[in-house]
Amino acid sequence: MNRADGNSDVDGGRRTVDLDVDPELARRLRELREKDRDKEALRRQVWKERRVLLPLLGITLALLPNFRMAQVQGRSMYPAYSEGDRLVMLKTYRTFAPLQVGDVVVIRLKHGKYKNEEWVKRIVFIQNERGDEPWPKWLETGRGQVPASAWFPAEAAGKKKVPPGKMLVLGDNIADALDSRDPEIGAVSPDEVIGKVLNN
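Just so you know, the numbering used here puts 97 at position 97 of the sequence shown, and the rest follows in order with no gaps.
Written as structure tokens, this is what we have:
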């Protein structure tokens, strides 16, 4: 006959036994159950965060090739940018943010004595594909509006045309900048723009 410590009773042919449980053991069991609940809650929280963070990480890695860093050299864009400033530029601006007058861009010239040099400049005029964009009276610069006729007199007087689809760029530090006013640079083609500056 099997025996067990504690009180026993027979209920409908079943033997029930009431065991005295050590209080210390009961406390440890409660602590273990609470730890298990905490671990399960932490696992659920981590899973929720991963469901949000992993897609964001994937999007970030997918978009990373669309951006590039550039560094300002010289004082042609002062006071908007000083020498040594680091700029974030969007390379796929054609898709996400088409160029507009007032945008700051990084250009790599494909012509003239400055070929292959990279410069930071501001777009002040964009000629349409028909070549009939009216010439503005004022140009928007980082220093405010300046009279177009003062800086591009031939274009303002109609003696010189900006070719269809091309643009004129200007340094904000107008008195000390190489830009479209120099005949070696002139109008810039869209394919010479390698990125649009985002911290503008």
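From the three backbone atoms N, C-alpha and C, an ideal C-beta is built for every residue, glycine too.
Separation of the CB atoms of Arg122 and Lys91 is rounded to 18 Å, and the pair is thereby denied contact status at 8 Å. In the DSSP annotation of this structure, Pro163 is not part of any alpha helix (DSSP H), being labelled neither H nor E.
In the three-state reduction of the DSSP assignment, Phe125 falls in the strand class, which pools E and B. Distances from the CA of Gly158 to each of Thr95, Glu133, Gly144 and Gly171 were compared; the closest alpha carbon is that of Glu133.
Cα atoms of Glu155 and Gly195: separation of roughly 26 Å, rounded to the nearest angstrom. Within the same chain, Cβ atoms closer than 6 Å to the Cβ of Gly165 are found at Glu129, the five residues on either side in sequence being excluded.
The beta carbon of Ala177 is closer than 6 Å to those of Ser76 and Gly171 in its chain, skipping five residues each way along the sequence.
The C-beta of Leu42 has fewer than 16 other C-beta atoms within 10 Å across all chains shown, which makes the residue exposed. In this structure, the straight-line span from the alpha carbon of Asp22 to that of Arg33 is close to 17 Å. Within its own chain, the residues whose Cβ lies closer than 6 Å to the Cβ of Val120, once the five positions on either side in sequence are excluded, are Val72, Met77 and Val106, listed in chain order. Lys39 and Asp103 have their C-alpha atoms spaced approximately 52 Å apart. With fewer than 16 other beta carbons inside 10 angstroms of its own, Asn116 counts as exposed. Assignment of alpha helix (DSSP H) within the segment 70–127, counting only whole runs of 4 or more residues, yields 93–96 in chain order.
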